[in-house]
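Protein chains in written order, with full-length UniProt numbering: chain A, 1 to 234; chain B, 1 to 234. Glycine included, each C-beta is placed from N, C-alpha and C at the ideal position. Working notes, structure below.
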DNA sequence: TAACTCCTACCGAGCGATCGCTCGGTAGGA
DNA sequence: TCCTACCGAGCGATCGCTCGGTAGGAGTTA
């Protein structure tokens, strides 16, 4: 019972924790190359060299260049969806809180995992066959989560928007857009940015930054963790 | 004098007018290919075939594949900047109106010229040398225009934002993001979308959709024009 | 314990296809 | 005689990918 409670508390905050080097070295090399030159602009030789492997050495691990992209994109979409569901679950039954945490989660992901999110968004057209279909489905599901919460908030009279569907898209777009410009060496930490974006998003729904502005995220909670998931600062 | 006034009135609304087929056929073929497969995913043979030209025929008009991209991107950034300046100029001295028209202009451009805007944003990394530098400079200038108006509005007490800089970036991102998802066959016309986005943007600055919601854009002003710049409907 | 058989984890060399681009033309109007 | 507007053929480079290996560790047998 005691253990279960502890576990539950830990799990509840799992969506906020981002460890570094989550990708195997070879996928990380591919990701870095894709970010720099795009999928078609990247050669298999570049990726292999970056991973300190020969070309056949690379093909021992992945069947094709396409397989590298698929693995990266699938990792990204699964990670985001799991985190999003955790965030909404943590919020309980309050739509306002569900919305706030979901937007924080979205912003947090696109700042912490900006390279991953950038490729997942920009290289959809380079995905072949059903990988592309599956990816688009995930994107739509992500958008739908925000739509649903906003619609629920509208019904409850908590939110006020002239065009909820457009507002929802605008909010999701501004969050996913973070991946395009966010730099780790910039002024804002992902956590600070996420709180600000959640507040901006709330404004579009007629809810001021108002109550509970001091989110748990701004408290001294350790957020960055090492490869084993343990805090490495804070 | 009379002529000059008429010209001035016409010019003042020029930023709202979008004619089709603004690009020479060859550049349009290149743009369509870049949108479908990306710059590196596009072969010069594909572009040539699309333009009903042989490969040497293509090279008669443009020196290289890179030159095609540069021409497209330069056209896009010049068009947007000129329109933005016209929009702000039309607004007169009211920051609130300057902001509203600038956001409408931004949204309008990214909906009407979504392919152009999409490539200009996503293929920056494929630009070589000073073309890339020049393009980034233009992007920054565009962002700066919004920053400046928001800052002015803050000083005048018209706008209220906790973090004006972040709000500004969020607004610009959500507008440029239109190019990623907008479809001409969707539910909203570019003009309807632009009005909605301007209102959403105003909300983030603590200004309700409020006054003057019926913008000139929703009035029966003809907006689409033919290749010669004349209205073709309305 | 030495020899043998697997297995994983690679690599040097290179294949066929395709890439961006060019050479040396032609056709037709001024 | 130019010039513009093209094109068939093809060059050298590079692409994604593969062939036929080797190195070394684990497990099995004599």
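Taking 8 angstroms as the Cβ-Cβ cut-off, the UniProt DNA-binding region "H-T-H motif" (43-62) of chain A has no residue approaching chain B.
A Cβ of chain A is located within less than 9 angstroms of the beta carbon of residue 199 (chain B).
A straight-line Cα-Cα distance of about 8 angstroms links residue 162 (chain A) and residue 196 (chain B). Under the 9 angstroms criterion on CB atoms, residue 178 (chain B) is classed as interfacial with respect to chain A. Rounded to the nearest angstrom, the Cβ distance from residue 44 (chain B) to residue 55 (chain B) is 6 angstroms, consistent with a contact under 8 angstroms. Rounded to whole angstroms, the separation of the alpha carbons of residue 207 (chain B) and residue 76 (chain A) is 36 angstroms. Shown here, residue 93 (chain A) sits in coil according to DSSP, grouped into three states, outside any helix or strand. Residue 119 (chain A) sits buried, since 16 or more C-beta atoms from the chains shown fall within 10 Å of its C-beta.
For residue 130 (chain A), there are no C-beta contacts with chain B under 7 angstroms, since the nearest C-beta of that chain is about 19 angstroms from it.
With a beta-carbon spacing of about 32 angstroms, residue 145 (chain B) and residue 64 (chain B) fall beyond the 8 angstroms limit used to define contacts.
Contact between the stretch 182-192 of chain A and the stretch 181-191 of chain B is absent: fewer than three C-beta pairs spanning the two stretches fall below 8 angstroms. In the same chain as residue 32 (chain A), and ignoring 5 residues on each side of it, the C-beta atoms closer than 8 angstroms to its own belong to 50 and 115, in chain order. DSSP places residue 56 (chain A) in the uninterrupted alpha helix (DSSP H) bounded by 55-61. The C-beta distance from residue 48 (chain A) to residue 57 (chain A) rounds to 7 angstroms, short enough to meet the 8 angstroms contact threshold. One thing to note: residue 87 (chain B) has its Cβ no nearer than 9 angstroms to the Cβ of residue 181 (chain B). About 6 angstroms separates the beta carbon of residue 205 (chain B) from that of residue 160 (chain B), a gap short enough to meet the 8 angstroms contact definition. Across the stretch 163-177 of chain A, CB contacts with chain B closer than 8 angstroms involve 163, 166, 167, 169, 170, 171, 173, 174, 176 and 177, in sequence order along the chain. Under the 9 angstroms criterion on CB atoms, residue 104 (chain B) is classed as non-interfacial with respect to chain A.
Take residue 24 (chain B), set aside five residues on each side of it, and no residue of its chain has a beta-carbon closer than 7 angstroms to its own.
When CB distances to chain A are screened at a threshold of 7 angstroms, the residues of the stretch 108-129 of chain B falling below it are 122, 125 and 126, in chain order. Taking a Cβ-Cβ threshold of 9 angstroms, the residues of chain A close to residue 38 (chain B) are 38, 39, 40, 41, 122, 123, 125 and 126, in chain order. For residue 204 (chain A), the C-beta contacts it makes with chain B under 8 angstroms involve 200, 203 and 204, in order along the chain. Collapsing the DSSP output to three states places residue 64 (chain B) in coil. When only Cα atoms are considered, residue 111 (chain A) and residue 60 (chain B) end up about 45 angstroms apart.
For the pair residue 109 (chain A) and residue 79 (chain A), the CB atoms are nearer than the 9 angstroms cut-off. A residue is called buried when at least 16 other Cβ atoms come within 10 angstroms of its Cβ; residue 199 (chain A) meets this threshold and is buried.
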